[in-house]
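Using the working numbering, the first residue of the sequence shown is number 15, and each one after it goes up by one.
Virtual Cβ for every residue (Gly too), placed ideally from N, Cα, C.
In this text, all values refer to a predicted model and were calculated from it rather than measured experimentally.
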Amino acid sequence: MRDGGSRTSGGNSHSSSVVAFPNPVRPDYTGPIAIKGLVRDANVKITDINGKLVYETKALGGQAIWDGMDYNGSRAATGVYLVFSANENTSLPSDALVTKILIVR
């Protein structure tokens, strides 16, 4: 399976330096938003600040990619978005992380 170069190596736990890029997401930016430093193949959920689920994916290795769109296919509105990441490998100790992305439209 080809992943288009978006796979990165991931460890058994989240990196101490998880980063979302670009952050903040500026009005003229239309590319992907990358979240790097995640636990290998993590389950990733992105919500608005009120907790409404906007996007869900599985990390490719230690990186998740978000296209900045919500479940309706619209560009995510201006606001702070929370990224929740957790490992799904039950043979490893539980590891979870929360980080933020600011979108300015």
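In the DSSP assignment, what are the bridge partners of V112? F98
Below 8 Å between beta carbons: does that hold for V33 and N101? Inclusion of V33 and N101 in the CB contact set at 8 Å is not warranted, their separation being larger than that value.
C-alpha distance - W80 paired with D42, whole-angstrom precision: 16 Å
Count the other CB atoms, across all protein chains shown, that sit within 10 Å of the CB of I63; report buried if there are 16 or more and exposed otherwise. exposed
Endpoints, the beta strand (DSSP E) within which A56 is located: Going by DSSP, A56 is part of no beta strand (DSSP E) at all; its letter is neither H nor E.
Mind reading off the beta-carbon distance from A78 to D84? Whole number of angstroms is fine, and I expect it under 8 Å. Their Cβ separation, rounded to whole angstroms, is 16 Å, which puts A78 and D84 out of contact at 8 Å.
Can you tell which of K114, P36 and T44 has its C-alpha closest to the C-alpha of G93? K114
Taking the C-alpha atoms as reference points, what is the distance between T61 and A73? Answer to the nearest angstrom: the Cα atoms are 16 Å apart.
Quick one: is G87 buried, meaning 16 or more other Cβ sit within 10 Å of its Cβ, or exposed? exposed
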